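Student:
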Amino acid sequence: MSYNTKNYAAHGGNEWVVGGKLTILEGATVTGITAAAAAASGEALGGVKADTKSVQDTVEVKIGADNKLYVPTYPQSYTLPEAAEDDLGGVMLAENQADSTASTVAGLKDDLNALLAKLKACGVMAADTPIE
52 MSYNTKNYAA HGGNEWVVGG KLTILEGATV TGITAAAAAA SGEALGGVKA
102 DTKSVQDTVE VKIGADNKLY VPTYPQSYTL PEAAEDDLGG VMLAENQADS
152 TASTVAGLKD DLNALLAKLK ACGVMAADTP IE
């Protein structure tokens with residue numbers, strides 16, 4: 052009687068040769084695989100190694116029906132929202148205000164008002180409420 056098999060133990064059991072189909076049933080585990088997989092390329096599938104997700108990782112990736120990995124595109128442009136009393140937002144850099152050299156209270160008031168106007172103009176400070 053002779054046997055023709057595609058799957059067999061070789062080299063005294065140190066090697067298992069699989070020439071047919073290998074089916075691993077759900078719930079089964081495979082241990083001891085530590086060798087690096089071949090690198091993926093445009094022509095061949097390969098292994099993917101990933102670190103554990105961290106709080107900085109925000110983009111979910113998916114594998115398509117074509118077995119390719121897809122990452123969503125980032126928006127091409129972004130507009131910062133306006134800053135509000137209770138919400139952070141984008142503001143412009145305020146125009147420089149020179150150090151005050153005022154020698155009178157009136158001069159100091161003028162320098163302070165100039166600074167306040169610059170802060171309001173760039174959005175760092177809310178604009179004046181109109182007087183009714």
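So for the sequence shown, the numbering used here puts the first residue at 52; every next one is plus one.
No residue lacks a Cβ here, since even glycine has one placed at the ideal position from N, Cα and C.
Bear in mind that the values here come from a model prediction, so they are computed numbers and not experimental data.
Check the C-beta distance from asparagine 58 over to glycine 71 and give it rounded, since I have them as a contact under 8 Å.
Tutor: The residue labelled residue 58 in the question sits at position 7 within the sequence shown. The residue labelled residue 71 in the question sits at position 20 within the sequence shown. Indeed they touch by this definition, with Cβ atoms about 5 Å apart.
Student: Kindly indicate which three-state DSSP category lysine 169 falls into: helix, strand or coil?
Tutor: Position 118 of the sequence shown holds residue 169. Residue state, collapsed to three classes: helix.
Student: Determine, using beta carbons only, whether leucine 131 and glycine 141 come nearer to each other than 9 Å.
Tutor: Position 80 of the sequence shown, counted from the start, is the residue given in the question as residue 131. Position 90 of the sequence shown, counted from the start, is the residue given in the question as residue 141. Yes, these two residues count as a Cβ contact at 9 Å.
Student: Using the C-alpha atoms, what's the distance from lysine 169 back to methionine 143?
Tutor: Walking along the sequence shown from the start, residue 143 turns up at place 92. Walking along the sequence shown from the start, residue 169 turns up at place 118. Taking the straight line joining both Cα atoms gives about 10 Å.
Student: How many angstroms separate the CA atom of alanine 101 from the CA atom of leucine 139?
Tutor: By 1-based counting over the sequence shown, the position of residue 101 is 50. By 1-based counting over the sequence shown, the position of residue 139 is 88. Roughly 34 Å separates the two Cα atoms.
Student: What does the alpha-carbon distance come out to for the pair serine 154 and asparagine 164?
Tutor: As a first step, residue 154 is located in the sequence shown; it is residue number 103 there, counting from the start. As a first step, residue 164 is located in the sequence shown; it is residue number 113 there, counting from the start. Rounded to the nearest angstrom, the two C-alpha atoms are 16 Å apart.
Student: What first and last residue would you give for the beta strand (DSSP E) that runs through tyrosine 59?
Tutor: Along the sequence shown, one-based indexing puts residue 59 at 8. Where tyrosine 59 is concerned, the enclosing beta strand (DSSP E) stretches over 58-61.
Student: Using the C-alpha atoms, what's the distance from valine 106 back to glycine 184?
Tutor: Nothing can be reported for residue 184, as the shown portion of the chain is limited to 52 through 183.
Student: What does isoleucine 114 pair with, by DSSP beta-bridge criteria?
Tutor: Position 63 of the sequence shown, counted from the first residue, corresponds to residue 114. For isoleucine 114, which the question treats as bridged, DSSP gives the partners Leu120.
Student: Specify, as a first and last residue, the run of the beta strand (DSSP E) that valine 106 falls within.
Tutor: Taking the sequence shown and counting its residues from 1, the one referred to as residue 106 is at position 55. Run containing valine 106: none; DSSP gives neither H nor E here.
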